[in-house]
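Notes follow once the structure below has been shown.
2 protein chains.
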Amino acid sequence: MSTGNAKGKDRHREIVDAAARVITDRGLAETRISDIAERAGVSPGLILYYFESKDRLLSEALTFANDQFYLRASREIRRIDSAREQLRRLIDLSVPGYLPEYGRLDEWALWIEVWVRALRDPDMAKDREVLDQRWRAQIAEIVRGGQASGEFSSAEDADELSLRIGALIDGLAIQVVLNDSLVTTERMHRTTMEVAAQTLGFELEPASP
Amino acid sequence: MSTGNAKGKDRHREIVDAAARVITDRGLAETRISDIAERAGVSPGLILYYFESKDRLLSEALTFANDQFYLRASREIRRIDSAREQLRRLIDLSVPGYLPEYGRLDEWALWIEVWVRALRDPDMAKDREVLDQRWRAQIAEIVRGGQASGEFSSAEDADELSLRIGALIDGLAIQVVLNDSLVTTERMHRTTMEVAAQTLGFELEPASP
DNA sequence: CACGCGTTTGAACGGCCGGTCAAGCGAGAC
DNA sequence: GTCTCGCTTGACCGGCCGTTCAAACGCGTG
Chain L
34 MSTGNAKGKD
44 RHREIVDAAA
54 RVITDRGLAE
64 TRISDIAERA
74 GVSPGLILYY
84 FESKDRLLSE
94 ALTFANDQFY
104 LRASREIRRI
114 DSAREQLRRL
124 IDLSVPGYLP
134 EYGRLDEWAL
144 WIEVWVRALR
154 DPDMAKDREV
164 LDQRWRAQIA
174 EIVRGGQASG
184 EFSSAEDADE
194 LSLRIGALID
204 GLAIQVVLND
214 SLVTTERMHR
224 TTMEVAAQTL
234 GFELEPASP
Chain W
34 MSTGNAKGKD
44 RHREIVDAAA
54 RVITDRGLAE
64 TRISDIAERA
74 GVSPGLILYY
84 FESKDRLLSE
94 ALTFANDQFY
104 LRASREIRRI
114 DSAREQLRRL
124 IDLSVPGYLP
134 EYGRLDEWAL
144 WIEVWVRALR
154 DPDMAKDREV
164 LDQRWRAQIA
174 EIVRGGQASG
184 EFSSAEDADE
194 LSLRIGALID
204 GLAIQVVLND
214 SLVTTERMHR
224 TTMEVAAQTL
234 GFELEPASP
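In order, the protein sequence lines correspond to chains L and W. Going by our numbering, the first sequence opens with residue 34, and the numbers climb by one from there. Going by our numbering, the second sequence opens with residue 34, and the numbers climb by one from there.
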């Protein structure tokens, strides 16, 4: 069957995508196979026809979703010239709720699910490490670019700087996504920009609201 | 019954404590009432005699454990005079695996469980916010002390500074507790101390190993 | 048209586990 | 001794949900 493989791939993808959405909405613990089936518009039985177990599907869905985010961000950033603007864009994308068009409160919710699962599931731990190191490498690339162009005056090791900025983003994003009343979306954005400017050595210009 | 109330309270406490240990070992998702009963050395039925539901018990266990950590840390820190040393101690306590005597890989694992639950459980979200703000207030108090004594030269708002340091610790601790090969216990400690010194404005002295 | 095969369905199975409950236990009161 | 009452037990119930499976479906082929 010529369309068979293609359709098989589509289904696979459709189901993973549906799974990611359900996890985002209901959380890993409350995600049922029947929910995923419903979301994908197929019968529960079909899920297990394409995936050997619920667990495998959930793992794949988690890494898939984070992968998507990374790829989208990476593509966007690559189109920007200035390292300072690249960094601003990366921060825009990282602050939960800052960009209305990406407005689901999700990517970060999925990250937390990944973390909790990675605590005990070695495969997930491995995937997480790869994902995270790739993200830090993305930041480091921006930093190196800025150092090379003279936009950033700090001479410190780019990997160390990116670790600091990445960790700050993670820590703040947790508070924001959990609706801490003292850590709003706007405050996180401001703080992250200020720390980045201070850490990397560049001047903050008035930002677009 | 005179010993009745006391024994009732002990049981309550014993069970919460057992629950916290089980959650630490097996994770929230894999924690069964029978596990908690076994750990506490009682029958499964008794758990539901003292708690109206498994969910309530788990919530209480999570906040209880984090509470314990805060109180222990707070007590220790209060005994130290120098703000710089208070901060070092706080960082020692915060870096997973840094102090062998507290060596379980746990407090942070429990935090991640709290986060994931707080995403959808409003009561847990409320508790988490209180716990977290109290922790940030603890840092802020140290910062204010250091500013007052002249140990820290930064004049920035103490709440803002403590938010930055707290978030950095959170973000790094995640990597460490999840065994990221590039973010070791030692590296986290070094990075956190360096950033704190830079952020607050003090000189780093050679540390005790 | 009829056959074959990959896909899809949904009913049914079976294990697990939270929660209930009737029955025991034991320490004090009298 | 015996009565009471709170504490404790563990068997049991009932529902849920992951997984299995036999049957149907439908498209492409000959």
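All C-beta atoms in this analysis are idealised placements derived from N, C-alpha and C, irrespective of residue type, glycine included.
Item, Value
"Examine chain L for any beta-carbon lying closer than 9 Å to the beta-carbon of valine 176 of chain W, and answer yes or no.", "no"
"At what residues does the alpha helix (DSSP H) containing glycine 178 of chain W begin and finish?", "155–182"
"For alanine 206 of chain W versus tryptophan 141 of chain W, is the C-beta spacing smaller than 9 Å?", "yes"
"Using 9 Å as the threshold, is the C-beta distance between glycine 199 of chain L and isoleucine 172 of chain L below it?", "yes"
"Indicate the three-state DSSP secondary structure (helix, strand or coil) for leucine 132 of chain W in the structure shown.", "coil"
"What does glutamate 162 of chain W touch in chain L if you count any residue whose Cβ is under 9 Å from its own?", "Gln208, Leu211, Asn212, Asp213, Ser214, Leu215"
"Buried or exposed for valine 49 of chain L, going by 16 or more other Cβ atoms inside 10 Å?", "buried"
"For the region 70–137 of chain L, list the beta strand (DSSP E) runs that are entirely contained and at least 3 residues long, ordered along the chain.", "none"
"Quick check on tryptophan 168 of chain L - is its C-beta less than 9 Å from some C-beta in chain W?", "no"
"If we call anything under 9 Å between Cβ atoms a contact, is valine 149 of chain L one with glutamate 146 of chain W?", "yes"
"Measuring only between beta-carbons, confirm whether methionine 226 of chain W sits less than 9 Å from chain L.", "no"
"Of all Cβ atoms in chain L, is any one closer than 9 Å to the Cβ of arginine 44 of chain W?", "no"
"Sort W:Pro129, W:Ile110, W:Arg177 by Cα distance to arginine 121 of chain W and report the nearest one.", "W:Ile110"
"Using a Cβ cut-off of 9 Å (strictly closer), state whether arginine 197 of chain L contacts chain W.", "yes"
"Please determine if the region 85–96 of chain L and the region 155–168 of chain L are in contact, where contact requires at least 3 C-beta pairs separated by less than 8 Å.", "yes"
"So is glutamine 180 of chain W buried or exposed if we call it buried at 16+ other beta carbons inside 10 Å?", "buried"
"Out of W:Leu237, W:Ser195, W:Ala170, W:Glu219, state which residue places its alpha-carbon closest to the alpha-carbon of glutamate 184 of chain W.", "W:Leu237"
"Which residues, in chain order, does the region 144–157 of chain L contribute to contact with chain W at a C-beta distance below 8 Å?", "Ile145, Glu146, Trp148, Val149, Ala151, Leu152, Arg153"
"Have a look at tyrosine 131 of chain L and glutamate 118 of chain L and give me their C-alpha separation to the nearest angstrom.", "16 Å"
"Interface residues of chain L around isoleucine 202 of chain W at Cβ under 9 Å?", "Ala200, Gly204"
"Under 7 Å between beta-carbons, which chain W residues line up against alanine 142 of chain L? List them in chain order, please.", "Leu152"
"Can you pull the chain L neighbours of glutamate 193 of chain W, defined as C-beta to C-beta under 8 Å?", "Thr224"
"Give the straight-line distance between the Cα atoms of alanine 62 of chain W and tyrosine 103 of chain W, rounded to the nearest whole angstrom.", "24 Å"
"Any Cβ of chain L within less than 9 Å of the Cβ of glycine 130 of chain W?", "no"
"How is the alpha helix (DSSP H) around aspartate 190 of chain W delimited, first residue to last?", "Where aspartate 190 of chain W is concerned, there is no enclosing alpha helix (DSSP H), given that its DSSP letter is neither H nor E."
"Check whether the Cβ of aspartate 190 of chain L lies closer than 9 Å to any Cβ atom in chain W.", "no"
"Going by beta-carbon coordinates alone, are arginine 44 of chain W and valine 55 of chain W separated by less than 9 Å?", "no"
"Return no unless some Cβ of chain W is closer than 9 Å to the Cβ of leucine 61 of chain L.", "yes"
"If you compare alpha carbons, which of L:Gly234, L:Glu189, L:Asp58 is closest to leucine 143 of chain L?", "L:Asp58"
"Helix, strand or coil for threonine 217 of chain W? Go by DSSP, reduced to three states.", "coil"
"Please name the residue, chosen from W:Ala191, W:Arg153, W:Thr217, that lies closest to threonine 64 of chain L on a Cα-to-Cα basis.", "W:Arg153"
"Hey, is aspartate 165 of chain W's beta-carbon within less than 9 Å of any beta-carbon in chain L?", "yes"
"What residue from L:Tyr82, L:Ile66, L:Asp68 has the CA that sits closest to lysine 42 of chain L's CA?", "L:Tyr82"
"Where do the ends of the alpha helix (DSSP H) carrying alanine 142 of chain W lie?", "140–151"
"Throw me the rounded Cβ distance for the leucine 233 of chain W and valine 176 of chain W pair, which I believe falls under 8 Å.", "6 Å"
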